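Numbering (the working numbering), first residue to last: 45 to 317. Where a beta carbon is used, it is the ideal one built from N, C-alpha and C, also for glycine. Since the model is a prediction, treat every value here as computed from it, not as a measurement. A short write-up of the structure that comes next.
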Amino acid sequence: DQLEEMLPRMPRNAIAEIPLIRAYINAFDLLRGKEDEKAYTDLCEVIETHEADIPRFHLQSLETFCRNYCIYKYNSGEAKYLPEAFRLYRLHFEKGHLYYEGRIMPSTIQSLVSLGLRLRDYDWIYQFLEATRDNIAGDKHPEEVFQFNLASYYFALNQYEEALELLTDKYEDIYYKIVAKRLEIKIYYEQDSPLTSSRLDAFKIFIFRLPKKSISNLQREGNNRFADILKQILNPKTTGNEARINKLIQKVGEHKVLADKGWLLGILKKMTS
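Have a look at this one:
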């Protein structure tokens, strides 16, 4: 066992009494797929009970591991890990553990906002965005990060005009360029706007023209599938055709790589009701 070789030459039971070592043993067990539920519960208990005994660097690394583990489990189909992931993000934020040198990364903000909106904890998300607005790290244009996430918040509340006003086409970060274009398309769809189809065609061209190194193959695939599925939904032959709609629902469910998968499933299910 490589773990045993890494640890001091003393009985494993004694080593496991040291909070930091006990936490890492559980983390290793989770990485190896061993005793998932028990190891995860014990890891969280060690971190939350012995926080003062674990050096800050290791504490934040272990907390990040727990959050990522929950996201992985949720994406693997275990729905109960969604509220657990949000619980951890909230807890770690309220303790100040999501900050590095007094600032919070845009990707962390995006993850927390996405989780909170899925769980419809709108008031908390708005307060979170306001609290972090002036403390966004690692980005040349932090106000754009704030505005994009606020636009996502307004979209979740069906306040589409407010969301549109916050979006821009001038993001330097390619991630924000792409998700902002998708959000704009989703808003036009929800508004039943005649612009939806043309914006969708423009999005397909935009993704096609992106340099290979600018996004991964998986990102390109997921965005292309989003456009293809939505074009099929917009096809007049789909409206009122239950067999066609159910086939699309099945197709969306089977795709592991698909941008805005939950939203697409949602609108398809509305079409069957």
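Which word fits residue i, buried or exposed, when buried means at least 16 other C-beta atoms lie within 10 angstroms of its C-beta?
i, result
"residue 240", "buried"
"residue 175", "exposed"
"residue 196", "buried"
"residue 45", "Reliability fails at residue 45, whose pLDDT of 45 lies under 50, so the model's placement of it is uncertain and the value that follows must be treated cautiously. With fewer than 16 other Cβ atoms within 10 Å, it is exposed."
"residue 139", "exposed"
"residue 304", "buried"
With DSSP as the reference, label residue i as helix, strand or coil.
i, result
"residue 76", "coil"
"residue 182", "coil"
"residue 144", "strand"
"residue 84", "helix"
"residue 228", "helix"
"residue 235", "coil"
"residue 111", "helix"
"residue 212", "coil"
"residue 94", "coil"
"residue 241", "helix"
"residue 47", "Only weak support exists for where residue 47 lies, its pLDDT of 47 falling under 50; the coordinates are left without a value."
Taking C-beta to C-beta, are residue i and residue j nearer than 8 angstroms?
i, j, result
"residue 161", "residue 169", "yes"
"residue 259", "residue 311", "no"
"residue 154", "residue 193", "yes"
"residue 244", "residue 273", "no"
"residue 127", "residue 87", "no"
"residue 247", "residue 224", "no"
Whose C-beta lies closer than 7 angstroms to the C-beta of residue i among residues of the same chain, with five residues either side of it excluded?
i, result
"residue 109", "71"
"residue 80", "74"
"residue 113", "74, 84"
"residue 276", "282, 292"
Residues in the same chain with beta-carbon distance under 8 angstroms from residue i, minus the five sequence neighbours each way, listed in chain order, please.
i, result
"residue 254", "218, 264"
Exercise for review: List in chain order: all unbroken alpha helix (DSSP H) runs of 4+ residues lying wholly within the segment 263 to 298.
Suggested key: 286 to 298
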